[in-house]
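Right, one structure below, let's go through it.
Next up, the structure:
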């Protein structure tokens, strides 16, 4: 039976309830249609408004550059939410989905604007051919980006490639998942063929490099969902061809210092590694629009008398945080490798320091000589580290200035603690860690977030991800040597490991099965590289799990598909003694309970009432 979708019905019913953020653009809503196409500048402004809506689309688990994508990290074991937003953001939230829920489908308004712009620009007698070529390329890129967000969630979609008229049949068949991904990839190839390279376009606009970078992300996802990730999948070849086109090399010459991209606006926008960013300028943006608001910190006046005496805070930090923030877990911290005393790279529990260290810092964190993967220090706020431009030392230990009275961190704490159990106005860590990636160091005083104006940028595509996408394609094809070749650059340039030791660490690792040593190493490397960016961890786990399930076309994943172990069970935090000499790990859940995963989650449900009205078949497992 053919599957048909009624555009009118869908556009009315499937709306996302989350807030939508927008890029900084001038108001062009008072310009008539004819005026829009009267100059290249106005036409460009029309396309800019599409960028705003596509690149910050409000979706359940993070779009391209949305601030809440950091909080959505708690869909995995990387982060824990507190109580305020746990029902929405916790890892088992998708298990609560039903086909009665309304989640966003294709935005037909955006597609209409894209296709209208394509027509008007193509037919314009006043626009230069160079201008036409670039704008059409950007619009195809935006159409592909828009489709990918929804293909990743739902699978096969309607293919709409033009402005529809009243004479068209508005019941458009839902294409297969393979047809949908092929449509996206074709758009990206066409965009890449006409767009300038990344250094030749204005910051924030699509380039041929951005098109290839997105193509690599799309094709890896397609390989698993369409073909079940077989070594013969054409999509892995698409990834490799795109990576070759943007010049990925063994030296990792396109990479920039990791710290520079995530801890300062000025260095982030200047970093050569950045392929595409979403920027927010302080002229119409504030702390509300950044991931910082989801980190959550402490109220300086509300810490215990013990903490005031032993761990004083010497700067103002009355920061408005969220109890449903994105607290990094011990599960994430464990993925950051260690350079041992002999120079070898090891999992931290296997390093000699666990036995020789005299306190928690010397066993695990190495504040002085930075023996852990350098990305750890850019990403994680941990017990005893310096913060706020090295003006404050923070302590997550029992009764520390950043411990949480509601958390297991503080079990056994003294009674003078300022915020006791049950007090929801407590924004400090629930795991023994806090997020610091995307938190700019120059901010030393945090007032009301609405009054803290600041320039900010989100990384959407960068070369670090491209290297790992290349490595993944080779890994899944069984070419382990080339997979290692493209894993090493991020380990060296971002992790701070030597080339020789990185090669030694990977030398004896082979295999692309879920628990095989090389795949385990790859999963760890991708996690520490991409954490808090576009919710990469969640979608990667689904991609790899679908590969284990054999792809959508086998028809069995919803009932007996692969259960992703990283999405099941409790998370771990760390409880450090008041004197910092000892530690123990604990298990905990988000407020909603222990995380679950059922294979039907590889695709989201389509609204039941819409299915009835349109006749569209529901995704497997949601009937």
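In this note's numbering, the protein residues as written are 8 to 630.
No residue lacks a Cβ here, since even glycine has one placed at the ideal position from N, Cα and C.
Being a predicted model, the structure only gives us computed values, none of them experimental.
Residue i and residue j closer than 8 Å at C-beta
i           : j           : result
residue 348 : residue 508 : no
residue 368 : residue 587 : yes
residue 569 : residue 552 : yes
residue 438 : residue 337 : yes
residue 289 : residue 462 : yes
residue 206 : residue 285 : no
residue 186 : residue 166 : yes
residue 554 : residue 236 : yes
residue 221 : residue 152 : yes
residue 382 : residue 520 : no
residue 631 : residue 224 : As shown, the chain starts at 8 and ends at 630. That puts residue 631 outside it, with no answer to give.
residue 252 : residue 219 : yes
residue 404 : residue 584 : yes
residue 342 : residue 535 : yes
residue 83  : residue 548 : yes
Residue i burial status per 10 Å Cβ neighbour count (16 or more: buried)
i           : result
residue 442 : buried
residue 105 : exposed
residue 399 : buried
residue 373 : buried
residue 228 : buried
residue 350 : exposed
residue 233 : buried
residue 277 : exposed
residue 54  : buried
residue 354 : exposed
residue 112 : buried
residue 484 : buried
residue 393 : exposed
residue 459 : buried
residue 532 : buried
residue 175 : exposed
residue 130 : exposed
residue 346 : buried
Nearest-angstrom Cα separation, counted from residue j out to residue i
i           : j           : result
residue 169 : residue 72  : 27 Å
residue 101 : residue 579 : 21 Å
residue 560 : residue 79  : 29 Å
residue 417 : residue 408 : 11 Å
residue 161 : residue 147 : 21 Å
residue 283 : residue 178 : 36 Å
residue 137 : residue 46  : 14 Å
residue 632 : residue 610 : Here the chain has residues from 8 to 630 only, and residue 632 is not among them.
residue 241 : residue 247 : 10 Å
residue 571 : residue 316 : 46 Å
residue 266 : residue 120 : 38 Å
residue 589 : residue 375 : 19 Å
residue 10  : residue 401 : With a pLDDT of 39 at residue 10, under the threshold of 50, the predicted position of this residue should be treated as unreliable, though the coordinate-derived value follows. Rounded to whole angstroms, residue 10 to residue 401 spans 57 Å at the Cα level.
residue 537 : residue 344 : 15 Å
residue 448 : residue 565 : 45 Å
residue 196 : residue 202 : 10 Å
residue 494 : residue 527 : 12 Å
residue 576 : residue 134 : 58 Å
residue 139 : residue 49  : 13 Å
residue 334 : residue 480 : 31 Å
residue 600 : residue 446 : 29 Å
residue 279 : residue 489 : 24 Å
DSSP three-state assignment for residue i, whether helix, strand or coil
i           : result
residue 387 : strand
residue 595 : strand
residue 618 : helix
residue 86  : strand
residue 161 : helix
residue 629 : coil
residue 328 : Confidence at residue 328 is low in this model, with a pLDDT of 47, below 50, so its placement is unreliable and no value can be given for it.
residue 119 : helix
residue 179 : strand
residue 427 : With a pLDDT of 43 at residue 427, under the threshold of 50, the modelled position of this residue cannot be trusted; read the value that follows with caution. It is coil, neither helix nor strand.
residue 399 : strand
residue 110 : coil
residue 512 : helix
residue 132 : coil
residue 335 : strand
Proximity test, Cβ basis, 8 Å: residue i and chain D
i           : result
residue 445 : The question asks about chain D, but that chain is absent: this structure has only one protein chain.
Whole runs of the beta strand (DSSP E) within the stretch 206–294, excluding any shorter than 3 residues: 281–287
Uninterrupted alpha helix (DSSP H) stretches inside the stretch 522–602 (no shorter than 4 residues): 524–537, 543–556, 564–567
Mind listing, in chain order, the continuous beta strand (DSSP E) runs of no fewer than 3 residues lying wholly within the stretch 441–493? 463–469
4-residue-minimum alpha helix (DSSP H) runs that sit fully inside the stretch 340–381, ordered along the chain: 360–363
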